[in-house]
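Down below is the structure, laid out as structure tokens.
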Amino acid sequence: MSKQSQHVLIALPHPLLHLVSLGLVSFIFTLFSLELSQFGTQLAPLWFPTSIMMVAFYRHAGRMWPGIALSCSLGNIAASILLFSTSSLNMTWTTINIVEAVVGAVLLRKLLPWYNPLQNLADWLRLAFGSAIVPPLLGGVLVVLLTPGDDPLRAFLIWVLSESIGALALVPLGLLFKPHYLLRHRNPRLLFESLLTLAITLTLSWLSMLYLPWPFTFIIVLLMWSAVRLPRMEAFLIFLTTVMMVSLMMAADPSLLATPRTYLMSHMPWLPFLLILLPANIMTMVMYAFRAERKHISESETRFRNAMEYSAIGMALVGTEGQWLQTNKALCQFLGYSQEELRGLTFQQLTWPEDLNKDLQQVEKLISGEINTYSMEKRYYNRNGDVVWALLAVSLVRHTDGTPLYFIAQIEDINELKRTEQVNQQLMERITLANEAGGIGIWEWELKPNIFSWDKRMFELYEIPPHIKPNWQVWYECVLPEDRQHAEKVIRDSLQSRSPFKLEFRITVKDGIRHIRALANRVLNKDGEVERLLGINMDMTEVKQLNEALFQEKERLHITLDSIGEAVVCIDMAMKITFMNPVAEKMSGWTQEEA
Numbered sequence: 011m012s013k014q015s016q017h018v019l020i021a022l023p024h025p026l027l028h029l030v031s032l033g034l035v036s037f038i039f040t041l042f043s044l045e046l047s048q049f050g051t052q053l054a055p056l057w058f059p060t061s062i063m064m065v066a067f068y069r070h071a072g073r074m075w076p077g078i079a080l081s082c083s084l085g086n087i088a089a090s091i092l093l094f095s096t097s098s099l100n101m102t103w104t105t106i107n108i109v110e111a112v113v114g115a116v117l118l119r120k121l122l123p124w125y126n127p128l129q130n131l132a133d134w135l136r137l138a139f140g141s142a143i144v145p146p147l148l149g150g151v152l153v154v155l156l157t158p159g160d161d162p163l164r165a166f167l168i169w170v171l172s173e174s175i176g177a178l179a180l181v182p183l184g185l186l187f188k189p190h191y192l193l194r195h196r197n198p199r200l201l202f203e204s205l206l207t208l209a210i211t212l213t214l215s216w217l218s219m220l221y222l223p224w225p226f227t228f229i230i231v232l233l234m235w236s237a238v239r240l241p242r243m244e245a246f247l248i249f250l251t252t253v254m255m256v257s258l259m260m261a262a263d264p265s266l267l268a269t270p271r272t273y274l275m276s277h278m279p280w281l282p283f284l285l286i287l288l289p290a291n292i293m294t295m296v297m298y299a300f301r302a303e304r305k306h307i308s309e310s311e312t313r314f315r316n317a318m319e320y321s322a323i324g325m326a327l328v329g330t331e332g333q334w335l336q337t338n339k340a341l342c343q344f345l346g347y348s349q350e351e352l353r354g355l356t357f358q359q360l361t362w363p364e365d366l367n368k369d370l371q372q373v374e375k376l377i378s379g380e381i382n383t384y385s386m387e388k389r390y391y392n393r394n395g396d397v398v399w400a401l402l403a404v405s406l407v408r409h410t411d412g413t414p415l416y417f418i419a420q421i422e423d424i425n426e427l428k429r430t431e432q433v434n435q436q437l438m439e440r441i442t443l444a445n446e447a448g449g450i451g452i453w454e455w456e457l458k459p460n461i462f463s464w465d466k467r468m469f470e471l472y473e474i475p476p477h478i479k480p481n482w483q484v485w486y487e488c489v490l491p492e493d494r495q496h497a498e499k500v501i502r503d504s505l506q507s508r509s510p511f512k513l514e515f516r517i518t519v520k521d522g523i524r525h526i527r528a529l530a531n532r533v534l535n536k537d538g539e540v541e542r543l544l545g546i547n548m549d550m551t552e553v554k555q556l557n558e559a560l561f562q563e564k565e566r567l568h569i570t571l572d573s574i575g576e577a578v579v580c581i582d583m584a585m586k587i588t589f590m591n592p593v594a595e596k597m598s599g600w601t602q603e604e605a
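Residue numbers (the working numbering): 11 to 605.
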């Protein structure tokens, strides 16, 4: 991913629509900032347009910067013309705003991580340096140099202060905002809590400004309470709203900044002690909760690390791009790589090509939220280049804002299982071939659920369509009526005596009658009762026909030998007489038994 594309975090249907929306936002905030200056307050007014432009530069590719600068500047100019005359326009200030925004955006890109700009206090300090210190100071210097006045120091301070406050109030919110953040508020609890906190904060801040001495102390407490209760983006939104409301009140009534109310101070002289204790107590409880949470997280992390490290199966934390972030010993032994070597590889590089596409499809479904987890059998290359089989189970860990962070993968070695399956498959192929060659059908009867299972050959033997579910009645109706009673008796006796059985019977088929020989063995349960019967059926029709033909031929031969006038004697290899016809017996004077 290029540096340029890393910051393109928003995708609107058309760039022109995006620029128009930026111009409109800049117009609204410029209007608010300029309204503050009309009240004649000596405080420096807040200036938000530079921060809006800075955030827009940060979040978009450089090729869009000219359009962003133009649209935001037009919004500023339109607001100025609406409140003042065209003669009051100062394009130098607009140009300085653009310079500040460019410098701030470049610094923020250099100082902050693009994927999550505000992860900790260090990131916030870098944000403050890159947006609320360097650009305002640069702008203040340019204002003094390019627009000299009667009091350059005052102009410098007003400019720097207004830009700094605007940056601290708006830039964090602009950097954190993502379109999918709004989906979080489909949760009624979060939406209600955010709106309630906003209403309470604004109301109490308004009352503090009107009736309490040192109102900012109370407002600080309220904002700290908001920060503790809400996620980052919602908290920064409340900060911005509160700053805008308080600044509007101060600009409308500068007397709010006067010395503390004498009435309150005369009746509550010890009120400052309360103002000392409130923030201290709140921070104490916040830090206690923070330390307890950190301890809990540390303990959970230790448990997870131990469970992962000493797991009998392979486990890994995998980045969203496929890089191995953390692996345990079992996985390293399975793949033949060390942990350091795996960190330089991706799972795509080690996956058997035929399995990669299926795996990536599941990953896409996991990231999109269609599924929460998936498992599959897949093949990897180990260090020696050999293909090894694994059972893979994957789940996704997300940030609180829904952003995918990393995958948790469990990778179990199933090489031995696959070898056993291959041996069993080969054995089954041999058995199937032998059964098909011998015309043997295999059946199973589970007694308790009364379920019959037939293989393909059984359906062929009985000439029953495969879609028909076999059962006792189906089989019984196939048996020739004169054989049914005997067949049923043999089976019932076998079940009662818990012994195997052999049975021959005839069935009716399309071409006539088919002779079947059935053999079955019983399978006992843990109580010694017959749980199921497992047996075979063999087509004995050809054997029966051959035996009948041989019997008929033998009868004809006996008749022929008995009726001819010649003596016939059969002798075996030991020179013993095995057969003599009547003529031979008469001629020799011996019977066949005597000979």
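Glycine is no exception: its CB is placed at the ideal position from the N, C-alpha and C atoms.
With a 10 Å radius around the Cβ and a threshold of 16 neighbouring Cβ atoms, alanine 497 comes out buried. DSSP places methionine 234 in the uninterrupted alpha helix (DSSP H) bounded by 225-239. Per DSSP, the unbroken alpha helix (DSSP H) holding tyrosine 472 starts and ends at 466-472. Taking each of Val540, Leu544, Asp521 and Leu534 in turn and checking the Cα distance to lysine 512, the smallest one comes out for Leu544. The beta carbon of leucine 148 is closer than 8 Å to those of Val109, Glu110 and Val113 in its chain, skipping five residues each way along the sequence.
Boundaries of the beta strand (DSSP E) harbouring lysine 512: 511-519, taken from the DSSP string. For secondary structure counted as the beta strand (DSSP E) over 3 or more consecutive residues, the region 142-210 holds no complete run. In the structure shown, arginine 393 falls within a coil segment according to DSSP collapsed to helix, strand and coil. Taking all protein chains in view, the Cβ of phenylalanine 39 is crowded by 16 or more other Cβ atoms within 10 Å, so the residue is classified as buried. Boundaries of the beta strand (DSSP E) around glutamine 420: 414-423. Taken atom to atom, the span from the alpha-carbon of serine 507 to that of histidine 525 is near 26 Å. Take the alpha-carbon of phenylalanine 187 and the one of arginine 73: they are about 22 Å apart. Taking a contact as a CB-CB distance under 8 Å, the pair glutamate 173 and threonine 104 does not count as one, their CB atoms being some 14 Å apart. In summary, threonine 207 is buried, with 16 or more beta-carbon neighbours lying within 10 Å of its beta-carbon over all protein chains present. For the set Ala530, Asp493 and Lys499, the Cα lying nearest the Cα of threonine 518 is the one of Asp493. A distance of 7 Å or more separates the beta carbons of isoleucine 229 and leucine 56. Counting along the chain, the unbroken alpha helix (DSSP H) around glycine 33 starts and ends at 25-47.
For methionine 325 against leucine 341, the beta-carbon gap comes to about 6 Å, under 8 Å, which counts as contact. Threonine 337 carries a strand assignment under DSSP once its states are collapsed to helix, strand and coil. Around the beta carbon of tryptophan 455, 16 or more other beta carbons lie within 10 angstroms, which makes this residue buried. One Cα belongs to alanine 322, the other to glutamate 514, and the distance between them is close to 54 Å. Shown here, glutamate 454 sits in a strand according to DSSP, grouped into three states.
Just measuring C-alpha positions, the residue of Pro475, Glu541, Lys564 and Cys82 sitting nearest leucine 505 is Glu541. Within the same chain, and ignoring the five residues on either side of leucine 247 in sequence, the residues whose Cβ sits closer than 7 Å to its Cβ are Leu183.
A straight-line Cα-Cα distance of about 12 Å links tryptophan 235 and leucine 214. In this structure, DSSP gives threonine 588 an extended state, which the three-state scheme calls strand.
In its chain, beyond the 5 residues on either side, no residue has a beta carbon closer than 6 Å to the beta carbon of glutamine 359. Rounded to the nearest angstrom, the gap between the Cα atoms of proline 25 and alanine 400 is 47 Å.
Just measuring C-alpha positions, the residue of Arg315, Gln371 and Lys388 sitting nearest isoleucine 381 is Gln371. Only residues of its own chain outside the window of five on either side were considered, and among them Phe228 have a CB closer than 6 Å to the CB of leucine 222, listed in chain order.
Rounded to whole angstroms, serine 598 and tryptophan 453 show a C-alpha spacing of 59 Å. Here leucine 355 is not near threonine 337, since their CB atoms are 7 Å or more apart. In this structure, the straight-line span from the alpha carbon of alanine 79 to that of leucine 118 is close to 17 Å.
The beta carbons of glycine 332 and phenylalanine 357 sit about 5 Å from each other, so the pair counts as a contact at 8 Å.
Cβ-Cβ distances below 7 Å link threonine 361 to Asp369, Lys388 and Tyr390 in the same chain, with the five nearest sequence neighbours on each side left out; the list follows chain order.
Residue environment: leucine 402 is assigned as buried (16 or more neighbouring CB atoms within 10 Å of its CB, all protein chains considered).
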